[in-house]
Amino acid sequence: MKNNIYTGLFCMGIAFSGVLSSCDVMDTKPFESYSEDLVWGSYETAEAFVIQTYNNTIANFSGNSAAWEVLTPNGAYCDQVGNSINTVATETGIDAYSDYGFGRFGEQRSCNMILEKVASSNLSEEQKKQLIAEGHFLRGVLYFDMTRKMGRFVPITRVLSVDDTEAFQTPLTESVNKSYELVLDDLNKAVEGLPETSESGRANKYVALALRSRAALQAYAYTKNEQYLDLAISSANDVINSGKYTLTENYGGMFNDESPEDPEIIMGRYYLDKDATVGSFNEMINVMPNLPIDELQKGSADGTTTFDEKKTFDGWGSYWPTQDLVDQYLVIDEKTGEAKSWYESSQILDNVDFLSTSGLSEGSIETFTRFDGEKRHIPTAVDLITGREDYPLFTYNLKVKDGCTRDISDLMYSNRDKRMDATIVRDKTEWQKEYIETNMGGSASQGIRSKEDGGWYTTTTGYYWRKYTVLVDPRVYVSNKINFHYVIARLGEMYMNLAEAYLLKGDVANAVTALNATRVKHGGLPASQASTLEEAWKDYIRERRVEMAYEEADIYFSYLRWGKYGSYSNYGRNAGDVIKDLNAPVYKISISSDRKSACIGQLTLLNSWNRKFTTKRYLFPIPQGQIDTRTAAGIIDKQNEGW
Numbered sequence: 001m002k003n004n005i006y007t008g009l010f011c012m013g014i015a016f017s018g019v020l021s022s023c024d025v026m027d028t029k030p031f032e033s034y035s036e037d038l039v040w041g042s043y044e045t046a047e048a049f050v051i052q053t054y055n056n057t058i059a060n061f062s063g064n065s066a067a068w069e070v071l072t073p074n075g076a077y078c079d080q081v082g083n084s085i086n087t088v089a090t091e092t093g094i095d096a097y098s099d100y101g102f103g104r105f106g107e108q109r110s111c112n113m114i115l116e117k118v119a120s121s122n123l124s125e126e127q128k129k130q131l132i133a134e135g136h137f138l139r140g141v142l143y144f145d146m147t148r149k150m151g152r153f154v155p156i157t158r159v160l161s162v163d164d165t166e167a168f169q170t171p172l173t174e175s176v177n178k179s180y181e182l183v184l185d186d187l188n189k190a191v192e193g194l195p196e197t198s199e200s201g202r203a204n205k206y207v208a209l210a211l212r213s214r215a216a217l218q219a220y221a222y223t224k225n226e227q228y229l230d231l232a233i234s235s236a237n238d239v240i241n242s243g244k245y246t247l248t249e250n251y252g253g254m255f256n257d258e259s260p261e262d263p264e265i266i267m268g269r270y271y272l273d274k275d276a277t278v279g280s281f282n283e284m285i286n287v288m289p290n291l292p293i294d295e296l297q298k299g300s301a302d303g304t305t306t307f308d309e310k311k312t313f314d315g316w317g318s319y320w321p322t323q324d325l326v327d328q329y330l331v332i333d334e335k336t337g338e339a340k341s342w343y344e345s346s347q348i349l350d351n352v353d354f355l356s357t358s359g360l361s362e363g364s365i366e367t368f369t370r371f372d373g374e375k376r377h378i379p380t381a382v383d384l385i386t387g388r389e390d391y392p393l394f395t396y397n398l399k400v401k402d403g404c405t406r407d408i409s410d411l412m413y414s415n416r417d418k419r420m421d422a423t424i425v426r427d428k429t430e431w432q433k434e435y436i437e438t439n440m441g442g443s444a445s446q447g448i449r450s451k452e453d454g455g456w457y458t459t460t461t462g463y464y465w466r467k468y469t470v471l472v473d474p475r476v477y478v479s480n481k482i483n484f485h486y487v488i489a490r491l492g493e494m495y496m497n498l499a500e501a502y503l504l505k506g507d508v509a510n511a512v513t514a515l516n517a518t519r520v521k522h523g524g525l526p527a528s529q530a531s532t533l534e535e536a537w538k539d540y541i542r543e544r545r546v547e548m549a550y551e552e553a554d555i556y557f558s559y560l561r562w563g564k565y566g567s568y569s570n571y572g573r574n575a576g577d578v579i580k581d582l583n584a585p586v587y588k589i590s591i592s593s594d595r596k597s598a599c600i601g602q603l604t605l606l607n608s609w610n611r612k613f614t615t616k617r618y619l620f621p622i623p624q625g626q627i628d629t630r631t632a633a634g635i636i637d638k639q640n641e642g643w
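Taken in order, the sequence shown gives residues 1 to 643; the numbers are from the UniProt record's numbering.
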């Protein structure tokens, strides 16, 4: 791994780190709080200031993947230790006063200082060009993050002093369209001025192009300005055609310690083990289970476990992938070689009976007696209770046919899209050098500890997240040190953006070509043969959900775009209607101890069925407290619709 520039140069920023804090709401702390000559007098110290500014700008596009994914059908947060679920997904924990990053005046000031102070410095013209372009990039992504979340923001485009009374009255941008004009103006300048290469973790021309493609696609969804589609396409093509990046042969390794500087990665954010621990990352500590050996023994059928007695897993898992996501990974049919949904494949249809899902009762599929004498059931009593009767409580009740020598896990999970096992931990797989079993009584099953329905730092859906988890030596523990990185932008996304933009233009052939790039290379699947717009949208949405799963907030903001488009991207609904998939319960799997039976049903624990999306959530609110404060100062801001 290359040296992390944030760590390597941090000490150079300490002397002037005070600039990042301020007592004023608009951040007007005088520049004299540190030496101007020191900061802007040499390229090295000016560069250090720029690098420090990354921490609160581009960092908004890394991390919290698990938390964002639970707002989509790909993920769930369900924790019996704290008796909590995600309340944004249910809309019970978000209101007009919720703050998704209003203002960020300190960060804006830092970006503006780069632009102004570098321009007036004695640095060489080449050095000025690069650092000013970098300043535009950082301000552009800062503006983009605020715009994708809240639609409008307070744009401060110059360094303010205490005498700038007029600037203190700066209103919110008047529209989402105006916000995106500012975003893309900065990103355009970044593309023009940045060099073609850079250190790992730092912007270059292609990083700016990648973020511009992303921003332009989001901008089109909210403005319907056709020029943004063209910009999304040209930006993605410029990255693809540069030849500097290639689709990886090791999809999973791109997100862990196997290939942290993979040639597909356009920009990453790197952390070294001298500073980073398991507990530093949501994607590590909050997805790994906690599996004490004595509890595994008590929860098994015979009092034994294959796990290392030193206890491999000591995490605080509460975020889980869903059956909904697993269903998106196609399987190669063993007879025809075609890509199909698992429940349509010959290996399932020839070997599994689809039993009735009506009349299921507690333990009707299996009642299991643990070594300690406690009972576990499929389904559990909680599995039978839902408030969402507009969706089936159970979708499948499966039983391997008599005479078949294969088990349900082998039949369901073999020959899947290669990205499934790179993204998800499922029954009968290896993780952290342990053999994972999630069937009834299995080493990492939902009821292996004291709670039958899981959530006691154990899965509640039958799955765990693998993507972004790195191998920990000697074991998964909060303070154990690790090297870690986030992928902020990569080539696979460029193909996804191309496909979506071409679909919006009605160009099915080019859209299918683009989506097949990742489907074939990363997924190991036969190419899509979609020939109509409806078929292509279906294949594209599936492809993006599996290709970009669990990568910061990509899937959530993709769903917002798809809802804005309507039609084939939202089940034939009108543009801007309720997004069906964000307004539906998610599903879990339960596999019997002998792996001869399984059922798939709603995740109902702690009322997890209560997923809700209303159209006001196309944008998060402008914090009402900020609106009230600014109103008292004579600044009149309008709240986002519905809040």
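By construction, the Cβ of each residue, glycine as well, lies at the ideal position given by its N, Cα and C atoms.
- Judged by DSSP in its simplified three-state form, Val154 adopts coil rather than helix or strand.
- Its Cα nearest to that of Ser450, the residue Leu291 stands out among Asp164, Leu291 and Phe137.
- Proximity to Glu261 across Ile488, Leu142 and Gly462 peaks at Ile488, based on C-alpha coordinates.
- Three or more Cβ pairs closer than 8 angstroms define a contact, and the region 430-445 falls short of that threshold against the region 630-641.
- In this structure Ile265 touches Met254 by the C-beta definition: roughly 6 angstroms separates them, less than 8 angstroms.
- Uninterrupted alpha helix (DSSP H) stretches at least 4 residues long and entirely within the region 151-200 occur at 176-193, given in chain order.
- Only residues of its own chain outside the window of five on either side were considered, and among them Ala66, Tyr77, Asn286 and Val287 have a CB closer than 6 angstroms to the CB of Tyr319, listed in chain order.
- Fully enclosed alpha helix (DSSP H) runs of no fewer than 4 residues occupy 346-349 and 408-413 of the region 334-420, in order along the chain.
- Shown here for Gln169: same chain residues with a beta carbon closer than 8 angstroms to its own, the five before and five after excluded, namely Ala633, Gly634 and Ile635 in chain order.
- Look at Ile332 here: in three-state DSSP terms it is strand.
- One Cα belongs to Asn256, the other to Ala527, and the distance between them is close to 27 angstroms.
- Collapsing the DSSP output to three states places Glu434 in a strand.
- Collapsing the DSSP output to three states places Phe137 in a helix.
- The closest CA to that of Asn83, considering only Gly454, Glu552, Ala549 and Leu272, is found on Gly454.
- Under the three-state reduction of DSSP output, Ile591 falls in the strand class.
- If you check the CB distance, Val50 and Leu115 do not come in under 7 angstroms.
- Assignment of Thr87 by DSSP, reduced to helix, strand and coil, places it in the coil class.
- Residue environment analysis places Asp145 among the buried positions, since at least 16 neighbouring C-beta atoms fall within 10 angstroms of its C-beta.
- Where Ser567 is concerned, there is no enclosing alpha helix (DSSP H), because DSSP gives it neither an H nor an E.
- Per DSSP, the unbroken beta strand (DSSP E) holding Val487 starts and ends at Phe484 to Arg490.
- Uninterrupted beta strand (DSSP E) stretches at least 3 residues long and entirely within the region 267-331 occur at 319-321, given in chain order.
- The shortest C-alpha to C-alpha distance from Arg269 to any of Gly193, His485, Gln52 and Asn610 is the one to His485.
- Taken atom to atom, the span from the alpha-carbon of Met267 to that of Ser200 is near 7 angstroms.
- As computed with DSSP, Thr429 is found in a beta bridge with Ile436.
- Runs of the alpha helix (DSSP H) lying entirely within the region 443-472, each at least 4 residues long, are absent.
- Secondary structure of Gln529 (DSSP, three-state): coil.
- Following the DSSP letters along the chain, one finds Gly625 inside the alpha helix (DSSP H) bounded by residues Gln624 to Ala632.
- Annotation: Arg545 to Pro289 spans about 24 angstroms, alpha carbon to alpha carbon.
- Rounded to whole angstroms, the Cβ separation of Phe153 and Ser179 is 6 angstroms, and the two are in contact under 8 angstroms.
- Your pair Tyr618 and Gln602 does not check out as a contact, with CB atoms roughly 26 angstroms apart and the cut at 8 angstroms.
- Under DSSP, Lys481 forms a beta bridge with Thr277.
- When rounded, the separation of the alpha-carbon atoms in Ser567 and Asn574 is 6 angstroms.
- Between the beta-carbon of Pro623 and that of Ser98 there is about 7 angstroms, and that keeps the pair under the 8 angstroms contact cut.
- Val476 sits buried, since 16 or more C-beta atoms from the chains shown fall within 10 Å of its C-beta.
- Counting every other CB atom within 10 Å of its CB across the protein chains shown gives Pro585 a total of 16 or more, marking it as buried.
- Looking from the CA of Leu211, the closest CA among Ser198, Asp230, Val191 and Lys224 belongs to Val191.
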